[in-house]
Amino acid sequence: DEPGFDEAGAGLIETWFIGKLGTDALAGVALVFPVLMTMQMMSAGAMGGGIASAIARALGARRRDDANALAVHALVLALAFSALFTLGLLWWGAPLYRQMGGSGASLEAALTYSNWLFAGSLLIWLFNSLAAVVRGTGNMALPAVVTCGGLLVLVPLSPLLIFGWGPVPAYGIAGGAIAILVYYALGTLAFAFYLRSPASLLRLALGGVGLRWPLFRDILRVGLVATVSSLATNLTIGITTALVGSNGPAAIAGYGTASRLEYMLVPLVFGLGAPLVAMVGTCIGAGQRERALRATWIGAAIAGLLCEAVGLAAALYPRAWLQLFGSDPAMLDAGVRYLQIVGPTYGFFGFGLALYFASQGAGRLGWPLLGNVARLALGAGGGWLALRLGGGLPWIFAAQAAALVLYGL
12 DEPGFDEAGA GLIETWFIGK LGTDALAGVA LVFPVLMTMQ MMSAGAMGGG
62 IASAIARALG ARRRDDANAL AVHALVLALA FSALFTLGLL WWGAPLYRQM
112 GGSGASLEAA LTYSNWLFAG SLLIWLFNSL AAVVRGTGNM ALPAVVTCGG
162 LLVLVPLSPL LIFGWGPVPA YGIAGGAIAI LVYYALGTLA FAFYLRSPAS
212 LLRLALGGVG LRWPLFRDIL RVGLVATVSS LATNLTIGIT TALVGSNGPA
262 AIAGYGTASR LEYMLVPLVF GLGAPLVAMV GTCIGAGQRE RALRATWIGA
312 AIAGLLCEAV GLAAALYPRA WLQLFGSDPA MLDAGVRYLQ IVGPTYGFFG
362 FGLALYFASQ GAGRLGWPLL GNVARLALGA GGGWLALRLG GGLPWIFAAQ
412 AAALVLYGL
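In terms of our numbering, the sequence shown has 195 at position 184, counting the first letter as 1, and numbering is strictly consecutive.
What follows is the structure, encoded as structure tokens:
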């Protein structure tokens, strides 16, 4: 349960329009992006997976009252986690982005974008939590319809608020954040309306539900383990952004734009990973270990080949991707170097990510967690060492490539 193409698409649409504001704006968004993706992966993937899993189990055991109560518990958790992000980023956003290499106009852009976006953290958490509740009832179609419908709103709304038109003033980079929040607000209302309607398998009743620790535990025991994995992934990107930041805002913009391609691989692998979870879980439950292993290796091999194809295409034609978002020579230079060095290792990332989904199905997340931590240690440690030894951008990116290979193996 990771952010899909729809949410990744929303981020890309946003970046494309913000890129028209210049390199500093693009660098500002690149500074905020790892933090935003941490929240996205936590709310949609980690905790979302915990919510969907707990509700599905309750409905499967015919515990309808527990399933209804779990929906309310999910909203309480959304409220708590969103408050952490809002308060944390409003108070500590400036020192964080400064540590990541932000300065001058790029830091100012990052803070404007971040303050608007994280002031509305609750909308993002509610959207993803309610989507997970709906998926937990077995309804996969509605979240897809709502998110794709939201994109149709975002495409005209984003440039309208960023650049202005007629009576609508130009809000600049803040307009991009406001457009994203409108997208999540409308989606949240759609999910809430559905869950209050007779069409829903469970009923979202906010009153008369007592909060119980066992129900929180049902969600958190899956969600918290996956959260550690998400944090390690995004911490790697965040630390690399800080290391790249020593080369200036154009380098941050180039790296941030290029590395978005890696995030686009997540929903690609998820398309294979979601059925892999079910297949492996079913086989393990039936005692068919050999069949589970065969499904795992086939799924991982396909995911690895798909991601390798994307990575090689990006390494061979890096400007085709980068020039969608900007034309600054220094930005393009940093992005080209990243894609040429790291792109060919994307196959290992896809292979490792598919194994993560298979491990979810088997209920054993120890090895994938270790893989993410190893990637963090090599990527961050190797990048830092490269910078200390005066290696420059190519060596920082070489450390990231080695880290992806280690993650896959």
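Idealized CB from N, CA, C, for every residue including glycine.
Just measuring C-alpha positions, the residue of A331, F360, A72, Y194 sitting nearest V347 is A331. Contact annotation: L213 and V193 have beta-carbon atoms that are not nearer than 8 Å. Around the CB of C318, 16 or more other CB atoms lie within 10 Å, so the residue is classed as buried.
Each residue's CA atom was taken as its position, placing S140 and T123 some 26 Å apart. Judged by DSSP secondary structure, P379 falls within the alpha helix (DSSP H) whose first and last residues are 377-399. Listed in chain order, the non-local C-beta contacts of A264 below 6 Å within the same chain comprise T34, L37, A38, A41, M342, local neighbours out to five positions each way being set aside. Residue environment for G382: buried (at least 16 other C-beta atoms within 10 angstroms of its C-beta).
F202: member of the alpha helix (DSSP H) spanning 184-206, first to last residue. Beyond the five residues adjoining it in sequence on each side, A326 comes within less than 6 Å, by CB distance, of L350, Q351, G354, P355 in the same chain, given in chain order.
Contact check for G112 and S257: beta-carbon distance about 6 Å, within the 8 Å limit, so the pair qualifies.
The bridge partners DSSP lists for V179 are W176. Taking the Cα of A190 as reference, the smallest distance to any Cα among G363, T238, F28 is reached at F28. The DSSP-derived three-state label of M111 is coil.
Counting other Cβ atoms within 10 Å of its Cβ, W378 stays below 16 and is therefore classed as exposed. Going by C-alpha positions, R223 is about 27 Å away from G131.
Look at F92 here: in three-state DSSP terms it is helix. Sequence-distant partners of S64 (beyond 5 residues in either direction) whose C-beta falls short of 6 Å from its own C-beta, in its chain, are V233.
Within the same chain, and ignoring the five residues on either side of N245 in sequence, the residues whose Cβ sits closer than 6 Å to its Cβ are P45, M48, T49. In the structure shown, the three-state DSSP call for F336 is coil. Rounded to the nearest angstrom, the gap between the Cα atoms of A413 and F359 is 10 Å. Under the three-state reduction of DSSP, N150 is assigned to coil, being neither helix nor strand. Counting along the chain, the unbroken alpha helix (DSSP H) around M48 starts and ends at 34-51. L417 sits in a helix when the DSSP states are folded into three classes. Sorting G149, F92, F138, T247 by C-alpha distance to the C-alpha of V384 places T247 at the top.
Within a 10 Å sphere around the beta-carbon of A297 sit fewer than 16 other beta-carbons, which makes this residue exposed. By the beta-carbon neighbour count (other beta carbons within 10 angstroms, threshold 16), D77 is buried. Collapsing the DSSP output to three states places P209 in coil. For the pair I66 and T158, the CB atoms are not nearer than the 8 Å cut-off. By the neighbour-count definition (other C-beta atoms within 10 Å, threshold 16), R75 is an exposed residue.
The beta carbons of A216 and N79 sit about 6 Å from each other, so the pair counts as a contact at 8 Å. For the 8 Å CB-CB criterion, L254 and G394 form a contact. With at least 16 other beta carbons inside 10 angstroms of its own, L226 counts as buried. When the Cα atoms are used, I250 and A391 turn out to be separated by approximately 6 Å.
With a contact defined as Cβ atoms closer than 8 Å, L366 and A311 qualify at about 5 Å. Between W136 and A188, the C-beta gap is not smaller than 8 Å, which leaves the two residues out of contact. Taking the CA atoms as reference points, Y274 sits about 30 Å from V83.
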